[in-house]
Amino acid sequence: MTNPDLTAFRRDLHKHPETGFELARTAGVIADKLEQAGLEVRRGIGGAGIVASLRRGADESAIGLRADMDALPITEKNGFPHCSVHAGKFHGCGHDGHSTMLVGAALELARDDSLARTVHFIFQPDEENGTGAAAMIADGLFERFPMREIYGLHNLPGMTAGNFAVKAGPFCAFEDNFEITITGRGGHSSMPEKGIDPIVVAGSVIMQLQSIVSRNVSAADRAVVSVTGIQTDGARNIIPDTVVITGDCRGFERHVSRKISERMNEIVQGACAAHGAKREVSYSTSFRPLVNDAECTEIIADAAAGVSEVDRDYGPVTFSEDFAEFLQHCPGAFILLGNGTEGAHGMSLHNPAYDFNDEIIRTGVDFWKTLALSRQGA
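In the numbering used here, the protein residues as written are 1323 to 1700.
Here you go:
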(Lines of atoms letter the chains of each structure in order from A and count residues from 1; the text may use other names and numbers.)
(Lines give C-alpha, C1' and ligand atoms only; values in the text may rest on other atoms or scores of the structure.)
Protein backbone atom coordinates (compact mmCIF):
# COMPACT_ATOMS: atom_id res chain seq x y z
CA MET A 1 0.00 0.00 0.00
CA THR A 2 1.25 3.48 -0.81
CA ASN A 3 1.34 6.09 1.92
CA PRO A 4 -1.88 7.71 0.61
CA ASP A 5 -3.50 4.25 0.55
CA LEU A 6 -2.47 3.67 4.17
CA THR A 7 -3.88 7.03 5.20
CA ALA A 8 -7.17 6.34 3.41
CA PHE A 9 -7.42 2.92 5.05
CA ARG A 10 -6.80 4.39 8.51
CA ARG A 11 -9.31 7.19 8.02
CA ASP A 12 -11.95 4.73 6.86
CA LEU A 13 -11.50 2.75 10.09
CA HIS A 14 -11.59 5.99 12.06
CA LYS A 15 -14.82 7.11 10.40
CA HIS A 16 -16.58 3.82 11.22
CA PRO A 17 -15.48 2.92 14.77
CA GLU A 18 -16.71 -0.19 16.56
CA THR A 19 -16.23 -1.16 20.20
CA GLY A 20 -15.52 -4.25 22.28
CA PHE A 21 -16.22 -7.48 20.42
CA GLU A 22 -18.76 -5.85 18.07
CA LEU A 23 -16.25 -5.43 15.26
CA ALA A 24 -18.03 -6.90 12.24
CA ARG A 25 -17.13 -4.11 9.81
CA THR A 26 -13.66 -3.39 11.22
CA ALA A 27 -12.57 -7.02 11.32
CA GLY A 28 -14.16 -7.66 7.94
CA VAL A 29 -12.32 -4.82 6.21
CA ILE A 30 -9.01 -5.92 7.72
CA ALA A 31 -9.48 -9.64 7.00
CA ASP A 32 -10.63 -9.02 3.43
CA LYS A 33 -7.59 -6.87 2.69
CA LEU A 34 -5.24 -9.55 4.03
CA GLU A 35 -6.97 -12.39 2.18
CA GLN A 36 -6.77 -10.45 -1.07
CA ALA A 37 -3.00 -10.32 -0.57
CA GLY A 38 -2.82 -14.09 -0.23
CA LEU A 39 -2.35 -14.44 3.52
CA GLU A 40 -3.89 -17.36 5.38
CA VAL A 41 -6.61 -15.67 7.44
CA ARG A 42 -8.57 -17.07 10.38
CA ARG A 43 -11.51 -15.00 11.61
CA GLY A 44 -13.47 -15.06 14.85
CA ILE A 45 -10.57 -15.96 17.13
CA GLY A 46 -11.77 -15.19 20.64
CA GLY A 47 -15.06 -14.01 19.20
CA ALA A 48 -13.91 -11.20 16.91
CA GLY A 49 -10.14 -11.51 16.55
CA ILE A 50 -8.16 -12.19 13.39
CA VAL A 51 -4.94 -14.08 12.83
CA ALA A 52 -3.34 -13.72 9.39
CA SER A 53 -0.33 -15.94 8.75
CA LEU A 54 2.58 -15.75 6.35
CA ARG A 55 4.03 -19.26 6.45
CA ARG A 56 7.64 -19.08 5.33
CA GLY A 57 9.37 -21.33 7.86
CA ALA A 58 8.87 -23.87 10.64
CA ASP A 59 5.93 -23.08 12.91
CA GLU A 60 8.03 -23.49 16.05
CA SER A 61 10.18 -20.51 15.04
CA ALA A 62 7.23 -18.22 14.21
CA ILE A 63 6.74 -14.80 15.75
CA GLY A 64 3.53 -12.93 16.50
CA LEU A 65 2.89 -9.24 15.80
CA ARG A 66 -0.21 -7.78 17.43
CA ALA A 67 -2.46 -4.76 16.89
CA ASP A 68 -5.74 -3.85 18.61
CA MET A 69 -8.89 -2.96 16.64
CA ASP A 70 -11.51 -1.60 19.05
CA ALA A 71 -12.63 1.99 19.59
CA LEU A 72 -13.79 3.82 22.72
CA PRO A 73 -17.41 4.37 23.84
CA ILE A 74 -17.14 8.18 23.75
CA THR A 75 -18.23 10.87 21.29
CA GLU A 76 -15.57 12.51 19.11
CA LYS A 77 -15.25 16.30 19.19
CA ASN A 78 -13.14 16.75 16.04
CA GLY A 79 -14.58 18.27 12.88
CA PHE A 80 -12.45 16.87 10.06
CA PRO A 81 -13.97 14.86 7.17
CA HIS A 82 -12.98 11.46 8.61
CA CYS A 83 -14.62 12.18 11.97
CA SER A 84 -16.62 9.30 13.49
CA VAL A 85 -20.09 8.89 12.03
CA HIS A 86 -21.23 6.91 15.09
CA ALA A 87 -22.20 9.00 18.11
CA GLY A 88 -20.74 7.50 21.27
CA LYS A 89 -18.01 5.59 19.41
CA PHE A 90 -14.59 7.01 18.62
CA HIS A 91 -11.05 5.84 17.87
CA GLY A 92 -9.63 7.94 20.69
CA CYS A 93 -6.75 5.60 21.46
CA GLY A 94 -5.34 5.15 17.97
CA HIS A 95 -6.25 1.53 17.41
CA ASP A 96 -7.27 2.49 13.87
CA GLY A 97 -3.64 3.50 13.31
CA HIS A 98 -2.25 0.39 15.00
CA SER A 99 -4.34 -1.87 12.76
CA THR A 100 -3.38 0.10 9.65
CA MET A 101 0.35 -0.16 10.37
CA LEU A 102 0.15 -3.91 10.88
CA VAL A 103 -1.98 -4.43 7.76
CA GLY A 104 0.53 -2.38 5.75
CA ALA A 105 3.45 -4.42 7.08
CA ALA A 106 1.67 -7.71 6.36
CA LEU A 107 0.94 -6.73 2.75
CA GLU A 108 4.51 -5.60 2.11
CA LEU A 109 6.06 -8.65 3.79
CA ALA A 110 3.81 -10.89 1.69
CA ARG A 111 5.64 -9.53 -1.37
CA ASP A 112 9.09 -9.84 0.20
CA ASP A 113 10.76 -13.07 -0.91
CA SER A 114 13.57 -12.57 1.60
CA LEU A 115 11.23 -13.32 4.51
CA ALA A 116 12.10 -16.84 5.64
CA ARG A 117 10.21 -17.09 8.91
CA THR A 118 6.52 -17.60 9.65
CA VAL A 119 4.81 -14.49 10.96
CA HIS A 120 1.37 -14.39 12.59
CA PHE A 121 -0.35 -11.00 12.38
CA ILE A 122 -2.74 -10.80 15.33
CA PHE A 123 -5.64 -8.33 15.33
CA GLN A 124 -7.24 -8.22 18.74
CA PRO A 125 -10.74 -7.17 19.88
CA ASP A 126 -11.70 -5.46 23.15
CA GLU A 127 -8.37 -4.19 24.41
CA GLU A 128 -10.08 -1.27 26.12
CA ASN A 129 -11.98 -3.49 28.56
CA GLY A 130 -9.02 -5.79 29.08
CA THR A 131 -10.75 -8.96 27.92
CA GLY A 132 -9.81 -9.35 24.26
CA ALA A 133 -6.38 -10.89 24.71
CA ALA A 134 -7.68 -13.40 27.25
CA ALA A 135 -10.51 -14.35 24.89
CA MET A 136 -8.09 -15.07 22.05
CA ILE A 137 -5.85 -17.08 24.38
CA ALA A 138 -8.82 -19.09 25.67
CA ASP A 139 -9.75 -19.82 22.05
CA GLY A 140 -6.39 -21.52 21.55
CA LEU A 141 -4.31 -18.70 20.06
CA PHE A 142 -0.96 -20.14 21.08
CA GLU A 143 -1.94 -23.76 20.41
CA ARG A 144 -3.40 -23.04 16.98
CA PHE A 145 -0.68 -20.57 16.00
CA PRO A 146 2.52 -21.58 17.83
CA MET A 147 5.01 -18.73 18.16
CA ARG A 148 8.33 -18.24 19.87
CA GLU A 149 7.93 -14.51 20.55
CA ILE A 150 5.17 -11.89 20.44
CA TYR A 151 5.44 -8.11 20.02
CA GLY A 152 3.09 -5.16 20.37
CA LEU A 153 3.08 -1.39 19.78
CA HIS A 154 1.08 1.63 20.94
CA ASN A 155 1.17 5.27 19.87
CA LEU A 156 1.93 7.92 22.50
CA PRO A 157 0.81 11.55 22.24
CA GLY A 158 3.25 14.03 23.73
CA MET A 159 6.27 12.18 22.33
CA THR A 160 8.07 13.36 19.20
CA ALA A 161 6.31 11.90 16.17
CA GLY A 162 8.09 8.82 14.86
CA ASN A 163 10.37 8.27 17.85
CA PHE A 164 10.22 5.03 19.85
CA ALA A 165 10.44 4.29 23.58
CA VAL A 166 10.71 1.03 25.50
CA LYS A 167 12.06 -0.44 28.72
CA ALA A 168 12.89 -3.96 29.90
CA GLY A 169 10.94 -5.25 32.90
CA PRO A 170 7.76 -3.58 34.24
CA PHE A 171 6.59 -1.17 31.54
CA CYS A 172 2.81 -0.67 31.83
CA ALA A 173 0.87 -0.62 35.08
CA PHE A 174 -1.73 -3.00 36.40
CA GLU A 175 -5.25 -1.61 36.76
CA ASP A 176 -7.40 -2.54 39.75
CA ASN A 177 -11.00 -1.32 40.06
CA PHE A 178 -12.91 -0.67 43.26
CA GLU A 179 -16.48 0.02 44.29
CA ILE A 180 -17.24 1.10 47.84
CA THR A 181 -20.87 1.13 49.00
CA ILE A 182 -21.58 3.06 52.19
CA THR A 183 -25.03 2.66 53.70
CA GLY A 184 -26.28 5.08 56.33
CA ARG A 185 -29.79 6.12 57.25
CA GLY A 186 -31.41 8.74 55.09
CA GLY A 187 -33.81 11.46 56.06
CA HIS A 188 -34.76 15.12 55.77
CA SER A 189 -31.82 17.42 55.12
CA SER A 190 -33.06 19.79 57.85
CA MET A 191 -32.69 17.09 60.52
CA PRO A 192 -29.36 15.33 59.88
CA GLU A 193 -29.09 14.36 63.55
CA LYS A 194 -31.89 11.83 63.05
CA GLY A 195 -29.99 9.89 60.41
CA ILE A 196 -26.53 8.63 59.47
CA ASP A 197 -25.22 10.72 56.59
CA PRO A 198 -23.30 8.47 54.14
CA ILE A 199 -22.03 11.54 52.26
CA VAL A 200 -20.06 12.65 55.32
CA VAL A 201 -18.63 9.14 55.64
CA ALA A 202 -17.81 9.05 51.91
CA GLY A 203 -16.01 12.39 52.16
CA SER A 204 -13.84 11.02 54.95
CA VAL A 205 -13.10 7.86 52.96
CA ILE A 206 -12.18 9.77 49.80
CA MET A 207 -9.73 12.01 51.63
CA GLN A 208 -8.12 9.12 53.51
CA LEU A 209 -7.71 7.04 50.35
CA GLN A 210 -5.19 9.61 49.14
CA SER A 211 -2.96 8.73 52.09
CA ILE A 212 -2.40 5.21 50.76
CA VAL A 213 0.01 6.35 48.06
CA SER A 214 1.77 8.96 50.18
CA ARG A 215 2.05 6.97 53.43
CA ASN A 216 1.61 3.25 52.78
CA VAL A 217 3.33 2.60 49.44
CA SER A 218 6.99 3.30 48.73
CA ALA A 219 7.57 6.25 46.41
CA ALA A 220 9.71 3.91 44.31
CA ASP A 221 6.61 1.83 43.51
CA ARG A 222 4.79 4.71 41.73
CA ALA A 223 1.25 3.77 42.74
CA VAL A 224 -1.88 5.73 41.83
CA VAL A 225 -5.26 5.67 43.59
CA SER A 226 -7.99 7.65 41.81
CA VAL A 227 -11.61 8.16 42.84
CA THR A 228 -13.47 8.60 39.56
CA GLY A 229 -17.11 8.50 40.57
CA ILE A 230 -19.52 9.13 43.45
CA GLN A 231 -23.26 8.43 43.29
CA THR A 232 -26.08 8.83 45.81
CA ASP A 233 -29.80 8.16 45.99
CA GLY A 234 -30.42 11.56 47.56
CA ALA A 235 -31.94 14.77 46.24
CA ARG A 236 -31.94 18.53 47.00
CA ASN A 237 -33.52 18.17 50.43
CA ILE A 238 -32.92 14.50 51.13
CA ILE A 239 -29.98 12.92 52.92
CA PRO A 240 -29.43 9.66 51.04
CA ASP A 241 -29.34 6.16 52.40
CA THR A 242 -26.44 5.10 50.20
CA VAL A 243 -23.31 6.45 48.55
CA VAL A 244 -21.30 4.46 46.00
CA ILE A 245 -17.66 5.44 45.39
CA THR A 246 -15.86 4.03 42.34
CA GLY A 247 -12.35 4.36 40.99
CA ASP A 248 -9.17 2.62 39.97
CA CYS A 249 -5.64 1.97 41.15
CA ARG A 250 -2.38 1.59 39.23
CA GLY A 251 1.03 0.17 40.01
CA PHE A 252 3.63 -2.26 38.74
CA GLU A 253 3.98 -4.98 41.39
CA ARG A 254 1.32 -7.30 42.80
CA HIS A 255 2.43 -6.62 46.39
CA VAL A 256 1.43 -2.99 45.79
CA SER A 257 -2.03 -4.12 44.69
CA ARG A 258 -2.39 -6.19 47.85
CA LYS A 259 -1.30 -3.28 50.06
CA ILE A 260 -3.75 -0.86 48.40
CA SER A 261 -6.63 -3.33 48.81
CA GLU A 262 -5.72 -4.00 52.44
CA ARG A 263 -5.50 -0.33 53.39
CA MET A 264 -8.65 0.56 51.47
CA ASN A 265 -10.64 -1.96 53.49
CA GLU A 266 -9.15 -0.67 56.74
CA ILE A 267 -9.94 2.95 55.88
CA VAL A 268 -13.54 2.18 54.91
CA GLN A 269 -14.05 0.03 57.99
CA GLY A 270 -12.71 2.74 60.28
CA ALA A 271 -14.74 5.57 58.75
CA CYS A 272 -17.96 3.57 58.80
CA ALA A 273 -17.41 2.45 62.38
CA ALA A 274 -16.85 6.04 63.48
CA HIS A 275 -20.24 7.09 62.08
CA GLY A 276 -22.29 3.93 62.53
CA ALA A 277 -22.61 3.23 58.81
CA LYS A 278 -22.46 -0.10 56.99
CA ARG A 279 -20.02 -0.88 54.19
CA GLU A 280 -19.30 -3.13 51.24
CA VAL A 281 -16.01 -3.05 49.32
CA SER A 282 -15.41 -4.71 45.95
CA TYR A 283 -11.82 -4.76 44.65
CA SER A 284 -10.77 -6.55 41.45
CA THR A 285 -8.03 -6.59 38.82
CA SER A 286 -8.81 -5.60 35.22
CA PHE A 287 -5.28 -5.50 33.75
CA ARG A 288 -2.10 -7.26 34.80
CA PRO A 289 1.15 -5.32 34.91
CA LEU A 290 2.93 -5.55 31.55
CA VAL A 291 6.47 -6.86 32.00
CA ASN A 292 8.78 -6.81 28.98
CA ASP A 293 11.15 -9.74 28.52
CA ALA A 294 14.74 -8.45 28.64
CA GLU A 295 15.97 -10.25 25.50
CA CYS A 296 12.85 -9.38 23.50
CA THR A 297 13.18 -5.76 24.60
CA GLU A 298 16.63 -5.62 23.02
CA ILE A 299 15.24 -7.19 19.85
CA ILE A 300 12.36 -4.72 19.54
CA ALA A 301 14.59 -1.75 20.42
CA ASP A 302 17.15 -2.76 17.79
CA ALA A 303 14.39 -2.98 15.17
CA ALA A 304 13.13 0.47 16.16
CA ALA A 305 16.65 1.87 15.97
CA GLY A 306 16.81 0.70 12.36
CA VAL A 307 13.90 3.02 11.55
CA SER A 308 14.11 6.01 13.89
CA GLU A 309 15.38 7.21 17.26
CA VAL A 310 14.66 5.00 20.27
CA ASP A 311 14.81 5.57 24.03
CA ARG A 312 15.70 2.20 25.57
CA ASP A 313 15.05 3.24 29.19
CA TYR A 314 11.70 5.03 29.06
CA GLY A 315 9.10 4.92 31.78
CA PRO A 316 7.50 2.83 33.09
CA VAL A 317 4.11 4.33 32.17
CA THR A 318 1.04 4.27 34.41
CA PHE A 319 -1.55 3.34 31.78
CA SER A 320 -2.53 -0.31 31.37
CA GLU A 321 -2.49 -2.62 28.35
CA ASP A 322 -3.90 -6.11 28.03
CA PHE A 323 -1.00 -7.15 25.81
CA ALA A 324 0.24 -8.18 29.26
CA GLU A 325 -1.99 -11.27 28.98
CA PHE A 326 -0.07 -12.51 25.96
CA LEU A 327 3.20 -12.12 27.87
CA GLN A 328 1.92 -14.59 30.47
CA HIS A 329 2.09 -17.28 27.78
CA CYS A 330 4.90 -16.23 25.44
CA PRO A 331 8.08 -14.13 25.73
CA GLY A 332 7.75 -10.74 24.10
CA ALA A 333 7.92 -6.98 24.40
CA PHE A 334 5.79 -3.89 23.93
CA ILE A 335 7.02 -0.56 22.53
CA LEU A 336 5.68 3.00 22.24
CA LEU A 337 5.71 5.16 19.10
CA GLY A 338 5.48 8.94 19.39
CA ASN A 339 2.28 10.42 17.94
CA GLY A 340 3.46 14.05 18.07
CA THR A 341 3.15 17.03 20.38
CA GLU A 342 0.93 19.49 18.51
CA GLY A 343 -2.82 19.81 18.00
CA ALA A 344 -4.96 16.67 17.92
CA HIS A 345 -1.82 14.51 17.70
CA GLY A 346 -0.61 15.80 21.06
CA MET A 347 -3.95 15.36 22.82
CA SER A 348 -4.02 12.72 25.52
CA LEU A 349 -5.23 9.25 24.65
CA HIS A 350 -8.98 8.98 25.35
CA ASN A 351 -9.44 12.74 24.87
CA PRO A 352 -12.41 13.42 22.52
CA ALA A 353 -10.21 15.81 20.49
CA TYR A 354 -7.39 13.28 19.91
CA ASP A 355 -6.46 11.97 16.46
CA PHE A 356 -3.91 9.43 15.29
CA ASN A 357 -1.05 10.99 13.31
CA ASP A 358 -1.06 9.68 9.74
CA GLU A 359 2.56 10.80 9.35
CA ILE A 360 3.74 7.94 11.60
CA ILE A 361 1.96 5.16 9.72
CA ARG A 362 4.93 4.61 7.42
CA THR A 363 7.27 4.57 10.43
CA GLY A 364 5.15 1.85 12.02
CA VAL A 365 4.99 -0.22 8.84
CA ASP A 366 8.76 -0.05 8.39
CA PHE A 367 9.28 -0.92 12.05
CA TRP A 368 7.15 -4.07 11.83
CA LYS A 369 8.89 -5.12 8.63
CA THR A 370 12.33 -4.53 10.13
CA LEU A 371 11.41 -6.53 13.23
CA ALA A 372 10.05 -9.47 11.23
CA LEU A 373 13.06 -9.59 8.91
CA SER A 374 15.51 -9.25 11.80
CA ARG A 375 14.29 -12.52 13.35
CA GLN A 376 15.17 -14.66 10.32
CA GLY A 377 17.81 -16.85 11.92
CA ALA A 378 16.58 -16.80 15.50
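For each residue, glycine too, the CB sits at the ideal point set by N, CA and C. Since the structure is predicted, the reported quantities are computational estimates derived from the model, not experimental observations.
Inter-residue Cα distance where the pair is residue i and residue j
i	j	result
Leu1671	Leu1478	8 Å
Arg1634	Leu1475	14 Å
Phe1493	His1408	33 Å
His1577	His1404	45 Å
Asn1400	Asp1680	15 Å
Ser1406	Val1522	42 Å
Gln1358	Asn1587	55 Å
Ser1704	Glu1449	A question about residue 1704 goes unanswered here, because the residues of the chain that appear run from 1323 up to 1700.
Ala1709	Pro1468	The shown model of the chain, from 1323 to 1700, leaves out residue 1709, and the question about it has no answer.
Leu1431	Leu1695	9 Å
Pro1611	Arg1558	43 Å
Ala1616	Val1488	11 Å
Gly1662	Asp1563	48 Å
Phe1402	Val1603	44 Å
Val1264	Met1513	Any property of residue 1264 remains undetermined from this structure, which presents the chain solely from 1323 to 1700.
Asn1325	Ile1683	8 Å
Gly1551	Ser1642	19 Å
Ala1596	Ile1621	56 Å
Ala1374	Thr1397	31 Å
Arg1470	Gly1480	33 Å
Leu1356	Arg1377	14 Å
Ile1589	Ala1599	13 Å
Lys1691	Cys1415	23 Å
Arg1580	Gln1446	30 Å
Gln1532	Val1547	7 Å
Ile1567	Ala1524	7 Å
Glu1515	Arg1537	34 Å
Residue i, DSSP secondary structure in three states
i	result
Arg1544	coil
Asn1477	strand
Gly1573	strand
Glu1602	strand
Val1441	strand
Arg1585	helix
Thr1692	helix
Arg1580	helix
Glu1471	strand
Arg1634	coil
Ala1483	coil
Gly1426	helix
Ser1383	helix
His1651	coil
Asp1680	helix
Arg1433	coil
Gly1517	coil
Arg1697	coil
First and last residue of the uninterrupted alpha helix (DSSP H) at residue i
i	result
Ser1630	From DSSP, Ser1630 is part of no alpha helix (DSSP H); its letter is neither H nor E.
Asn1499	Careful: Asn1499 lies outside any alpha helix (DSSP H), inside the beta strand (DSSP E) at 1496-1505.
Ala1646	1645-1648
Asn1325	1325-1337
Val1523	1520-1533
Leu1463	1463-1466
Gly1668	1665-1668
Ala1456	1454-1460
Cross-strand partners of residue i (DSSP beta bridge)
i	result
Asn1557	Reading off the sequence, residue 1557 comes out as Ala, not Asn. Answer is Ile1560.
Leu1376	Val1441
Thr1341	Ala1393
Pro1492	Val1613
Ile1567	Ile1502, Ile1552
Gln1446	Asp1390
His1510	Ile1560
Val1639	Cys1494
Thr1607	Asp1498
Residue span of the beta strand (DSSP E) that contains residue i, given as start and end
i	result
Ala1655	1654-1662
Asn1673	Where Asn1673 is concerned, there is no enclosing beta strand (DSSP E), given that its DSSP letter is neither H nor E.
Val1539	Unbroken run through Val1539: none, as it is neither H nor E.
Next item on the list: Could you name each continuous alpha helix (DSSP H) segment of 4 residues or more that falls completely within the stretch 1351-1375, going from the start of the chain to the end?
Entry: none
Check: Taking the runs of the alpha helix (DSSP H) that are 4 residues or longer, which of them lie wholly in the stretch 1391-1421?
Finding: none
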